[in-house]
Amino acid sequence: MSGHGTITVSSPHRTTTASFPARTSAAGFLPPGSPDPATTGPDPATTGPDPASTGPDPASRSAQIESELRRAPRSFRILTGDRPTGPLHLGHYFGTLQNRVRFQQLGADVLVLVADYQVITDRDAGPGLGADVLGLVADNLAAGLDPARATIFAHSQVSALNQLMLPFLSLLSVAEVGRNPTVKEEFSASGGGAMSALLFTYPVHQAADILACRANLVPVGKDQLPHVELTRTIARRFNQRYSPRCGFFQPPDPLLGAVPLLLGLDGQKMSKSRGNTIPLSATEDETARLIKGARTDRQRHISYEPAGRPEVANLVLLAAMCQRRPPAAVAAEIGSGGAAGLKAVVTEAVNEHLRPIRARRRELAADRPYLQAVLRRGNDRAAVLAGDTLNSVRELMRMTY
Ligand code: TRP
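In my numbering, the protein residues as written are 2 to 402.
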């Protein structure tokens with residue numbers, strides 16, 4: 002901060018959350034029977050003037066991007082990422098993994114980040130970190146990512162990426178970094194104590210992930226939108242200050258999925274810490290046991306009514322996603338089979354759908370050197386991308402001596 006009590010930022014701050022209408026969807030692919038976002042157009046309930054410079058709101062922009070993706074997949078470099086905090090579960094699978102594979106099959110350049118530095122924002126990395134990192138690589142490969150085409154990397158292994166954090170921090174004020182609603186939520190969920198400075202600044206680090214790779218598309222759930230918005234702000238400010246003529250960084254677009262949110266087996270938000278998930282790596286028996294314990298209601302007749310019967314509807318939806326059928330058809334077939342009938346169908350559907358994925362995951366998990374080789378290769382490619390970016394950034398900042 003300067004002696005005059007001001008901090009210089011080269012463009013006016015804009016709030017991030019207010020411009021994003023609430024949506025019930027998370028990043029993901031389309032479940033059977035849902036409307037195609039590329040053809041249905043903007044949702045009148047969520048479309049409104051965007052006070053920011055992003056143009057249409059993220060939901061309708063996402064529909065546009067989906068059709069651009071189909072038309073010109075090779076013009077997209079897509080970055081997604083997960084924190085290595087344990088095995089991925091069905092929510093990740095339907096929410097993001099399947100989408101990654103779809104982007105890869107379309108022909109886009111897909112990068113998957115193992116966000117190991119983000120683990121230490123609110124907990125100790127712990128001795129299991131290495132296993133969790135390779136477990137994430139295995140989950141992605143088992144779901145269908147092709148290591149010859151996709152790039153899987155860990156950000157702790159890519160020095161140039163992390164160095165970008167410094168110029169990026171200089172473009173932001175403490176106040177605007179502190180306004181991020183997702184950071185606040187993660188802090189309160191972490192159970193108090195003092196907020197680490199890394200948790201405070203991790204969205205800036207995430208901007209470094211995205212911009213180091215020069216990704217132009219970031220598939221996200223709603224909670225990650227503020228981070229992509231901050232990334233756009235950083236890109237624009239960097240351009241204004243250091244590269245006004247050529248606009249070095251392209252502000253990336255977020256891509257919101259249109260999949261209805263899968264709830265956990267207790268009907269609450271799905272999350273590993275609540276113990277209400279089905280891990281991809283669970284056995285068929287464990288899966289049966291988990292589904293047996295799922296919450297339902299007393300009505301014998303099974304129907305698909307997400308608003309009125311959320312727990313039952315969620316199980317129906319899960320079976321429908323596995324079988325790629327409309328949820329109403331799944332419910333009609335179970336009819337008056339009651340909760341037991343429903344759970345039998347869901348268990349069978351999940352186990353059947355995951356069988357080949359699990360078999361492949363078991364093989365991969367037994368081959369640690371292979372997983373390490375895939376990761377090393379991804380790290381190397383990410384290092385080339387980030388190194389090029391950092392070199393250009395240094396030149397633009399006149400830090401070449
Ligand atoms: N913050 C993301 C999460 O918690 C993970 C992540 C880190 C990420 N860097 C990213 C996602 C870059 C997309 C792009 O899930």
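Backbone N, C-alpha and C fix where the C-beta goes; we use that ideal spot for every residue, glycine too.
Alpha helix (DSSP H) segment containing residue i, residue limits
{"i": "D286", "result": "285 to 293"}
{"i": "G131", "result": "130 to 144"}
{"i": "L114", "result": "Looking at the DSSP string, L114 is not in any alpha helix (DSSP H); the run it does join, the beta strand (DSSP E), is 110 to 115."}
{"i": "I121", "result": "From DSSP, I121 is part of no alpha helix (DSSP H); its letter is neither H nor E."}
{"i": "P220", "result": "Unbroken run through P220 is the beta strand (DSSP E), 218 to 221; no alpha helix (DSSP H)."}
{"i": "L386", "result": "369 to 397"}
{"i": "E230", "result": "226 to 243"}
{"i": "V159", "result": "That residue, V159, is in no alpha helix (DSSP H); it is neither H nor E in DSSP."}
{"i": "Y203", "result": "198 to 213"}
{"i": "K344", "result": "339 to 366"}
{"i": "M322", "result": "311 to 324"}
{"i": "N100", "result": "99 to 107"}
{"i": "S174", "result": "Note, S174: premise wrong, no alpha helix (DSSP H); not H, not E."}
{"i": "E334", "result": "328 to 335"}
{"i": "E187", "result": "182 to 190"}
{"i": "E67", "result": "59 to 72"}
Limits of the unbroken beta strand (DSSP E) element including residue i
{"i": "I153", "result": "152 to 155"}
Bridge partners - residue i, DSSP secondary structure assignment
{"i": "I279", "result": "Beta-bridge pairing links I279 to no other residue."}
{"i": "G80", "result": "The sequence given here places Leu at residue 80; Gly does not occur at that position. L112, per the DSSP bridge assignment."}
{"i": "D406", "result": "Beyond the ends of the chain as shown, which are 2 and 402, falls residue 406; an answer cannot be given."}
{"i": "L263", "result": "DSSP, once it has assigned bridges, lists no residue as partnering L263."}
{"i": "H410", "result": "A question about residue 410 goes unanswered here, because the residues of the chain that appear run from 2 up to 402."}
{"i": "K411", "result": "Examination of residue 411 is not possible in this model, given that the chain is present from 2 through 402 alone."}
Exposure of residue i, with buried meaning 16 or more beta-carbon neighbours within 10 Å
{"i": "Y402", "result": "exposed"}
{"i": "Q119", "result": "buried"}
{"i": "Q106", "result": "exposed"}
{"i": "P59", "result": "buried"}
{"i": "M400", "result": "exposed"}
{"i": "T40", "result": "Residue confidence is low: T40 scores 35 on pLDDT, short of 50, so the model does not pin down where it sits. No coordinate-derived value is stated."}
{"i": "P32", "result": "Caution applies to P32, whose pLDDT of 35 falls short of 50 and renders its modelled position unreliable; the value that the coordinates give is listed next. It is buried - the Cβ of P32 has at least 16 other Cβ atoms within 10 Å."}
{"i": "K344", "result": "buried"}
{"i": "R24", "result": "Because the pLDDT of R24 is 29, which lies under 50, any placement of that residue in the model is unreliable, and the question is left without a value."}
{"i": "P328", "result": "buried"}
{"i": "G1", "result": "Residue 1 is absent from the structure shown; the chain starts at 2 and stops at 402."}
{"i": "P245", "result": "exposed"}
{"i": "E230", "result": "buried"}
{"i": "G96", "result": "buried"}
{"i": "G309", "result": "exposed"}
{"i": "L167", "result": "exposed"}
{"i": "P370", "result": "exposed"}
{"i": "H228", "result": "buried"}
{"i": "Q302", "result": "It is His, not Gln, that sits at residue 302 in the sequence shown. With fewer than 16 Cβ atoms within 10 Å of its Cβ, H302 is classed as exposed."}
{"i": "N240", "result": "buried"}
{"i": "A176", "result": "exposed"}
Beta carbon proximity, residue i to chain C, threshold 9 Å
{"i": "V111", "result": "As a matter of chain content, chain C is missing from the structure shown, which is built from one protein chain."}
Residue i CB to nearest heavy atom of ligand 2 below 8 Å
{"i": "D267", "result": "Ligands present in the displayed structure are limited to ligand 1, and ligand 2 is not among them."}
Exercise. Taking 8 Å as the threshold, find out whether the stretch 102 to 113 comes into contact with the stretch 70 to 85 through three or more Cβ pairs.
Key: With the cut-off at 8 Å, the stretch 102 to 113 and the stretch 70 to 85 touch.
Quiz item: Below 8 Å, can you find three or more Cβ-Cβ pairs linking the stretch 329 to 346 to the stretch 271 to 286?
Solution: Below 8 Å, too few C-beta pairs join the stretch 329 to 346 and the stretch 271 to 286 to call them touching: fewer than three.
Practice problem: Pair every Cβ in the stretch 124 to 139 with every Cβ in the stretch 255 to 263, then say whether three or more of these pairs are closer than 8 Å. | Solution: no
Practice problem: Assess, as a yes-or-no matter, whether the stretch 374 to 391 is touched by the stretch 142 to 161 under the definition of 3 or more beta carbon pairs within less than 8 Å. | Solution: yes
Quiz prompt | Cβ contact (3+ pairs, closer than 8 Å) linking the stretch 193 to 209 and the stretch 224 to 241 | solution = They touch, by the three-pair rule.
Exercise. Could you tell me whether the stretch 282 to 292 touches the stretch 342 to 359, where touching means 3 or more Cβ pairs closer than 8 Å?
Key: yes
Quiz item: Do the stretch 314 to 327 and the stretch 121 to 131 touch if we need at least three Cβ pairs shorter than 8 Å?
Solution: no
Exercise. Inspect the CB distances between the stretch 180 to 188 and the stretch 213 to 230 and report whether three or more fall short of 8 Å.
Key: yes
Quiz item: Is there contact here, the stretch 85 to 105 with the stretch 146 to 154, by at least three beta-carbon pairs under 8 Å?
Solution: yes
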